[in-house]
Structures are given as C-alpha cells and as structure tokens.
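In what follows, a single structure is set out as structure tokens and then discussed.
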C-alpha cells in the first residue's frame with residue numbers, strides 16, 4: 327500500500343474549483359476576476375520594496391530541535407520594510423492535514439498573525455495576517471492518507487502523546503483531502519456561502535473595482551491586512567510597485583505533454599527499475615536501523631529524525647519513478663498555463679510594468695541531489711518552456727533578448743540555490759532561478775555530478791544549459807554534518823535600475839554539533855538584462 331495518496335491532476339483542479347465556485351454565474355455577472363489580487367497596503371507607485379521568502383517549512387520538531395522556529399525568529403529581524411512574505415509551498419507536513427496547522431504553522435509564525443500572542447486560540451481556517459503572507463501549494467499540501475495508515479497513526483499518536491514515547495512524524499488521522507486544509511486556511515472559499523444574498527454581500531465588501539490591465543477594470547479580491555487576508559485562487563497575480571508577480575500551482579502541470587502516449591524506451595525502463603530495487607534495499611536498511619535506535623541506550627532523537635526524513639525522501643523518489651513507469655494521469659492544467667501566457671503578454675504590453683516574477687513549488691532547474699533528474703522536474707520545465715515560447719512569439723522576442731521573466735522562485739528541493747540558465751533554445755534562456763526550499767524540513771545535499779546541468783541527464787557531453795551559482799544544503803557527515811537552513815530577503819530597486827535590480831540576501835540558521843549559529847550569507851544581485859548587454 328502507498329504511504330500517501332496523490333490524487334490525479336483532474337481531481338485536484340475539480341476540488342479547488344468547487345471550493346471557490348469557479349466561473350459561478352453570479353461571479354461572471356458581476357464582472358469578478360478570480361485570479362487578480364490587490365494588496366491594499368502597498369503603494370502601486372512605490373519605487374523600491376522588499377519581501378521575504380521561505381519554503382518547505384511546515385514541519386514540527388526534528389528530534390530535539392526545531393529549524394522552523396529558528397528561521398521564524400530570524401525573519402522577525404528582517405520584516406521591517408518588507409511588503410509581504412512569499413511561501414513557495416509545503417506549508418504543512420507531512421500530508422497537509424488540518425490537524426497540524428496549529429503546531430506546524432500557526433505557532434511558528436504567530437508574530438505574522440493577528441492575535442498571535444495567543445496562537446492556541448487561532449483556528450487554522452480563521453487566520454488573519456498582520457503582514458501579507460502569500461503562499462502557493464506544495465505537493466505535501468495536496469497529499470491524502472490511506473485510511474488504514476490514518477487509523478494506525480491516529481491511535482499510535484494518541485498513545486505516544488499520553489505516554490511521552492518517541493517522536494511524532496507529522497501524521498495524524500487524515501491527510502489534506504485534496505488540498506482542503508490549505509484552501510480553508512488561505513483561499514477565499516466561496517462554497518461556504520449557502521445563500522445567494524450572503525455571497526453577494528461578501529463579494530460587495532471584498533471584491534472591489536480595480537484596473538487589471540490598461541483600459542480593463544474588473545472586481546478583484548482586496549487583501550486587507552489585519553482584517554481579511556485571503557487569496558482568490560490556487561494561482562493568482564498581484565503587483566507591487568511596477569513589478570508583476572505570478573503565483574502558480576505547479577502540482578497540476580507536473581506531467582509532461584512530451585510523454586503523453588509515448589512509452590519509455592527499454593533502457594530508461596531498466597534504469598528506473600534498477601533504481602527502485604536500490605531504493606527498496608536502502609529503505610529496508612533504514613527501517614532496521616530505526617528499530618534498533620528505539621532499543622538503544624544511546625538513543626538520539628536527532629539521529630532518529632534524520633532516518634525518518636531519509637525514509638520520506640525515498641518514498642517521494644519511488645512515487646516519482648512509479649509515475650514515470652506507470653503514467654496513470656494524463657491530465658495537464660491547460661487552463662492555468664493559458665492564463666499565464668495571456669497574463670504575461672498583457673504584462674509586457676503594459677508600459678507601466680518594468681519587471682515580472684514567477685513563483686511556484688516545483689523547480690524546473692535544480693542541482694539538489696534528489697530532485698534534479700526527477701520526471702516532475704522535466705515536466706514542469708517542458709510546460710513552462712511551452713508557455714514562454716508562445717509569449718516570445720506574441721512579442722516578437724528572440725533568444726538573446728532581455729529574458730521574458732526577471733526571476734523565478736521555487737521550493738520543493740530542500741536547499742537554497744541560485745541558478746542561471748544559458749541558451750536552452752527556449753523562452754527560459756538566460757533566466758535567473760532561485761530555489762527557496764530550505765526553511766525547515768530535511769535539508770539535502772547538492773548532487774555529486776557538479777553544478778552544471780546538461781540537456782540530457784547523466785550525459786555530460788550533451789549541451790550545458792544551466793549553472794548553479796550559489797548553494798546552501800546539507801554537507802559533511804556524522805559529527806561534522808552541517809545543516810544551513812535558510813530564508814531570503816529580496817530588495818527590489820526600481821527607481822535606480824531598469825530592468826529592476828533584485829538584491830538577494832540569504833539568512834542562515836545553521837545546525838552543527840547540536841547547536842545553532844545564525845548569520846547573513848553573502849548577498850548577490852540579479853538584473854535580468856540581455857546577454858548581449860552583459861557582453
């Protein structure tokens with residue numbers, strides 16, 4: 327039996343659309359746009375601004391220590407002057423359950439919540455933020471739990487809590503119910519209104535007129551800090567200063583159109599099957615060591631947590647391989663991808679907009695050891711390239727011109743990384759990518775194959791397409807193991823720079839030999855100019 331259940335793309339889309347009453351006749355009649363968000367606390371004409379970035383954070387204690395709290399404490403020192411917090415997904419581990427929002431989200435981030443001095447009194451579906459908190463869905467925010475595992479986990483969790491035995495693995499009675507908990511926590515779920523008059527009253531109060539494009543006005547959800555802090559949808563766009571941000575749900579386009587109806591060749595099948603055998607053997611070894619730890623007089627909760635994290639990591643890799651070997655889900659979220667294409671073209675046609683940032687969970691480019699070769703990584707890359715290629719055609723853009731997107735920010739890979747693509751032959755050429763997935767859960771290492779990615783995995787003779795320039799992840803072993811958890815502060819300079827200049831400031835909370843060290847890492851600057859200009 328599968329450890330977790332990941333529903334089909336079609337099911338995820340359907341569930342999320344039902345919750346927001348997507349394209350409901352009343353909404354269409356009133357001219358409501360459910361993909362644009364207006365941040366009322368931000369001056370649309372602001373010259374410069376800053377924002378904080380975290381990702382893959384939503385875990386409880388990792389043995390005797392809690393990285394998420396260490397990061398949250400550092401974030402408070404950097405919140406002054408920040409316009410918002412961006413979260414790249416996996417808000418609550420391990421299966422996005424509402425049972426864990428209090429411990430794994432509300433308590434760590436209490437200082438960002440209205441009434442945060444009494445976090446135990448804040449219901450997960452009644453959160454109000456005192457600083458805009460803008461997340462996207464991660465894969466763990468969508469997971470479901472098989473009922474038998476939920477029963478076993480729920481019973482043993484209660485038993486362990488009563489008798490103070492062992493550690494909690496962030497699993498209780500149930501999973502996310504296809505993103506239900508995330509939706510109730512962050513999105514304006516209009517299905518809670520059973521009567522038309524109550525829905526209409528709500529729409530009148532929070533969905534107000536806003537010019538989404540020059541000459542085009544719609545009623546959009548307004549984000550009222552300290553009053554009503556909801557998102558309109560699982561994907562959405564907003565503007566700060568003269569920079570457009572596009573938040574996406576990559577969980578529904580992490581299947582490649584290139585693989586539809588095309589079976590894997592025999593060599594690829596053999597490689598994947600061999601990898602499954604290798605993972606199974608490693609899994610059995612880790613499970614045996616976990617059992618021995620529980621009986622050892624030298625029991626160390628940090629060591630136990632590391633083993634549990636490795637087991638979860640193996641489960642995730644196995645799930646990705648099974649999807650490649652047995653592609654049961656041929657769905658792709660064409661509606662969202664078409665929306666992104668349309669909005670990017672409109673953004674470029676708006677002379678007042680000077681920059682564009684995308685953020686979503688799954689990274690198209692990454693050198694973290696468990697993610698760089700995964701099928702999902704390539705699928706998201708393929709789908710994004712197709713969108714950007716179409717945008718390029720519409721704008722008469724060519725490879726070598728200023729990149730179509732100034733910055734792409736992702737999570738999923740448990741590290742902090744800055745990557746720059748070279749000439750990929752697509753609309754994502756010479757683009758800057760940041761992976762911000764090291765804010766709390768299970769840091770991982772950089773791949774042994776090096777910091778340059780090639781067009782074909784495991785083939786260094788194929789064209790080089792990207793280079794990793796900065797990487798913070800797990801290093802060392804045993805007592806010399808270093809775990810630099812991270813978050814980012816990004817300062818955006820619009821006034822003195824065209825295109826905008828992004829100064830990325832990583833902040834590190836490093837776990838080493840059972841103690842913490844907190845420090846700012848060397849900042850770096852990104853400016854999305856044509857490679858011709860750089861030359």
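In this note's numbering, the protein residues as written are 327 to 861. Just so you know, even glycine gets a beta-carbon here, dropped at the ideal spot from N, CA and C.
| Item | Value |
| --- | --- |
| Threshold first: 4 residues or longer. Then list the alpha helix (DSSP H) segments lying entirely within the segment 788–860, N to C. | 857–860 |
| If I measure Cβ to Cβ from residue 539 and keep anything under 6 Å in the same chain, skipping five residues before and after, which residues do I get? | 672 |
| What is the residue span of the beta strand (DSSP E) that residue 562 lies within? | 562–566 |
| Buried or exposed: where does residue 789 fall if 16 or more other Cβ atoms within 10 Å of its Cβ makes it buried? | exposed |
| Quick check: residue 706 and residue 576, are their CB atoms within less than 8 Å of each other? | yes |
| For residue 535 and residue 769, what's the separation of their Cα atoms in angstroms? | 44 Å |
| In whole angstroms, what is the alpha-carbon distance linking residue 491 and residue 502? | Below a pLDDT of 50, predicted positions are generally treated as unreliable, and residue 491, at 36, falls in that range; the measurement from the model is reported next regardless. If I take the Cα positions, the gap works out to 26 Å. |
| Beta strand (DSSP E) containing residue 412: first to last residue? | 408–413 |
| With the cut-off set at 8 Å, would you say residue 457 and residue 413 are in Cβ contact? | no |
| Compute the Euclidean distance between the alpha carbons of residue 357 and residue 606, then round it to the nearest angstrom. | 54 Å |
| DSSP beta-bridge partners for residue 542? | 539 |
| Ignoring anything shorter than 3 residues, give me the beta strand (DSSP E) runs that lie fully in the segment 664–744, in order along the chain. | 681–685 and 733–736 |
| Between the segment 770–777 and the segment 682–690, do at least 3 Cβ pairs fall closer than 8 Å? | no |
| Bridge partners of residue 615, per DSSP? | Per DSSP, none; premise fails for residue 615. |
| Please report the residue range of the beta strand (DSSP E) in which residue 523 lies. | Run containing residue 523: none in the beta strand (DSSP E); it sits in the alpha helix (DSSP H), 522–532. |
| Just verifying my parser: in three-state terms, what is the DSSP assignment at residue 658? | coil |
| To the nearest angstrom, how far is it from the Cα of residue 643 to the Cα of residue 650? | 11 Å |
| Within the chosen definition, does the segment 591–609 reach the segment 703–720 through at least 3 CB pairs nearer than 8 Å? | no |
| For residue 558, name the three-state secondary structure that DSSP assigns. | coil |
| Between the C-alpha atoms of residue 679 and residue 329, what's the straight-line distance to the nearest angstrom? | 46 Å |
| What residues match up with residue 458 in a beta bridge as DSSP calls it? | Beta-bridge pairing links residue 458 to no other residue. |
| Sorted by chain position, which residues of the same chain lie with C-beta nearer than 7 Å to residue 602's C-beta, five sequence neighbours on each side aside? | 644 and 647 |
| Quickly, what does DSSP pair residue 513 with across the bridge? List them, please. | 557 |
| DSSP state of residue 448, grouped into three classes? | coil |
| When the Cα of residue 395 is compared with those of 365, 438, 375 and 424, which residue comes out closest? | 438 |
| Taking three-plus beta-carbon pairs below 8 Å as touching, is the segment 514–529 in contact with the segment 343–361? | yes |
| Going by beta carbon distance, what residues of the same chain come within less than 7 Å of residue 824, once the five residues before and after it are set aside? | 680 |
| Under a three-way DSSP split, which group does residue 637 fall into? | helix |
| Assuming residue 762 is part of the beta strand (DSSP E), what are its boundary residues? | 758–762 |
| Can you give me the Cβ contacts of residue 666 inside the same chain, cut-off strictly under 7 Å, excluding the 5 residues immediately before and after it? | 572, 574 and 713 |
| Using a Cβ-Cβ cut-off of 7 Å (strictly less than) and excluding sequence neighbours within five positions of residue 509, which residues of its own chain qualify? | 342, 345 and 515 |
| Decide if residue 635 is buried, meaning its Cβ has at least 16 other Cβ atoms within 10 Å, or exposed. | buried |
| Hey, how far is the Cα of residue 471 from the Cα of residue 431? | 20 Å |
| Residue 363 lies in the beta strand (DSSP E); which residues open and close that run? | 358–365 |
| Would you report the Cα separation of residue 446 and residue 630, rounded to the nearest angstrom? | 28 Å |
| Counting pairs of Cβ atoms below 8 Å between the segment 837–846 and the segment 803–819, do you hit three or more? | yes |
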